[in-house]
Amino acid sequence: MQREMFRPILAVVYTDGLAADRFLADLGYALRSEGLAVAGLVQLNSFERDPVKCDMAVEELFSATVLQLSEDRGREARGCRLDRFALTEAAALLISALSEKPDILVLNKFGKIEAEGAGLRDVIAMAIQTNVPVVVGVPFRNLDQWRIFAGDLADECPVDAVPVCNWLSLRNIRQDGEPLTGAIAKGGSAFAT
Numbered sequence: 000m001q002r003e004m005f006r007p008i009l010a011v012v013y014t015d016g017l018a019a020d021r022f023l024a025d026l027g028y029a030l031r032s033e034g035l036a037v038a039g040l041v042q043l044n045s046f047e048r049d050p051v052k053c054d055m056a057v058e059e060l061f062s063a064t065v066l067q068l069s070e071d072r073g074r075e076a077r078g079c080r081l082d083r084f085a086l087t088e089a090a091a092l093l094i095s096a097l098s099e100k101p102d103i104l105v106l107n108k109f110g111k112i113e114a115e116g117a118g119l120r121d122v123i124a125m126a127i128q129t130n131v132p133v134v135v136g137v138p139f140r141n142l143d144q145w146r147i148f149a150g151d152l153a154d155e156c157p158v159d160a161v162p163v164c165n166w167l168s169l170r171n172i173r174q175d176g177e178p179l180t181g182a183i184a185k186g187g188s189a190f191a192t
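For the sequence shown, numbering that gives the first Met the number 0 gives the first residue as 0, with consecutive numbering after it.
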């Protein structure tokens with residue numbers, strides 16, 4: 000009997016960034032509540048200072064460390080507000096988490112920095128090298144660059160719990176061999192537990 004080879008990455012492709020952020024955060028928290036060792040970054044959106052530009056804070060799921068990824072460059076500033084030093088700090092946290100062999104890596108975004116060849120690309124590569132499955136959000140605008148980067152290592156799906164749950168269940172990501180239970184296994188529209 001031939002064993003089917005599974006792709007180690009699931010790209011959740013989206014056009015609505017806020018919906019994808021919430022979806023991936025819910026997924027990461029639900030997996031963690033299932034008792035899985037989850038590494039990754041999920042975005043915590045806040046619109047307190049400016050209703051147009053969100054403050055980009057992320058939580059690293061393995062250590063529960065919250066990092067501010069956006070720079071406050073003043074009201075008139077234009078362009079990318081990403082704090083590259085904070086992104087480097089987040090990458091270091093993720094590399095440390097991956098050295099502990101988590102069950103899964105969940106990343107909120109293959110963003111502009113990754114599409115340009117930097118950012119968390121090395122973290123994704125390390126996860127693959129250490130056999131840690133990856134779920135990553137990919138904005139539609141970065142899909143071509145994502146496909147060049149991931150090659151044939153990634154499956155793709157929309158922001159939808161059913162295909163994500165199916166992908167997870169086929170990979171049996173629990174180290175104890177137990178199936179996923181609760182909201183994850185049901186594949187509802189949200190992963191709330």
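Backbone N, C-alpha and C fix where the C-beta goes; we use that ideal spot for every residue, glycine too.
Quick caveat, the model's predicted, so the values are computed rather than measured.
Give me the residue from the options with the minimum Cα distance to residue i.
i	options	result
Val137	Gln128, Ala149, Val131, Ile127	Ala149
Asp15	Pro132, Pro157, Trp166, Ile94	Pro157
Val105	Phe5, Arg6, Leu26, Ala18	Leu26
Phe86	Ala63, Arg120, Phe61	Looking at the sequence provided, one finds Leu at residue 86 rather than Phe. Among Ala63, Arg120, Phe61, the Cα nearest to that of Leu86 belongs to Arg120.
Ser62	Ile8, Pro162, Ala24, Ser95	Ser95
Taking all protein chains shown into account, decide if residue i is buried (16 or more other Cβ within 10 angstroms of its Cβ) or exposed.
i	result
Arg48	Residue placement at Arg48 cannot be trusted, given a pLDDT of 48 that sits under 50; the coordinates are not used to answer.
Phe22	buried
Asn171	exposed
Val131	buried
Glu115	exposed
Phe84	exposed
Leu167	buried
Leu17	exposed
Once you ignore the five residues that flank residue i on each side, which residues in its own chain have a CB closer than 8 Å to its CB?
i	result
Val57	Leu40, Val41, Gln42, Leu43, Val65, Leu66, Leu68, Ala89, Asn107
Asp82	Gln67, Leu68, Ser69, Glu70
Leu169	Phe5
Asn141	Phe109, Gly110, Lys111, Glu113, Ala114
Asp151	Arg6
For residue i versus residue j, is the C-beta distance shorter than 7 Å?
i	j	result
Ile127	Val37	no
Ala153	Ala10	yes
Ile123	Val133	yes
Leu30	Glu59	no
Ala19	Tyr13	yes
For residue i, collect the residues of the same chain with a Cβ closer than 7 Å to its Cβ; drop the 5 residues on either side in sequence, then sort them by chain order.
i	result
Thr129	Leu97, Lys100
Gly118	Leu86, Gly110, Ile112
Keeping to the same chain, check which residues put their C-beta closer than 6 Å to that of residue i; ignore five residues upstream and five downstream.
i	result
Met125	Leu97
Mind pulling the beta strand (DSSP E) runs of 3 or more residues that sit fully within the segment 95-138? 103-106, 133-138
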